[in-house]
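In what follows, a structure is listed as C-alpha cells, so that the remarks can point back to it.
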Amino acid sequence: MTKRLQVLFDEDEYLEIQGFARQRRMTVAEWVRQALRKARTDDPGTIDAKLRAIAEASRHQFPTADIEVMLGEIESGRRIT
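Encoded structure:
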C-alpha cells in the first residue's frame, strides 16, 4: 500500500530541488523519495551509520600519541601564542 505525502516548499527551495532532480534526470517526487531514504540510512543514531563512520575513519592514518602527550603538546602550543 502506498501513501501520499504533501510537503510545502517556498518557490526558491522548490526550484532548487527541481534543479537537483533535473541534473539526475528524475522527477522531483523520485528525488525526494531518494533523499528521504538516504536521510533515514544516514541517521547518525543508527548502528549501521556508526559502523560506517568507524570503518571510514579506520581507513585514515592520522598521527596518534598517548593522550597525556597530546594534551601536553596542545597546552604548550597555547602558551606560545
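Take 104 as the starting number for the sequence shown in the working numbering and just add one per residue.
Even for Gly, the Cβ is constructed at its ideal location relative to N, Cα and C.
Given the structure is predicted, the values throughout are model-derived calculations rather than measurements.
Based on Cα-Cα distance, which residue from the options lies nearest to residue i?
| i | options | result |
| --- | --- | --- |
| residue 132 | 121, 142, 164, 141 | 121 |
Can you tell me which of the three DSSP states residue i falls into?
| i | result |
| --- | --- |
| residue 118 | helix |
| residue 151 | helix |
| residue 111 | coil |
| residue 160 | helix |
| residue 173 | helix |
| residue 106 | coil |
Thinking C-beta only, is residue j closer than 8 Å to residue i?
| i | j | result |
| --- | --- | --- |
| residue 146 | residue 138 | no |
| residue 134 | residue 124 | yes |
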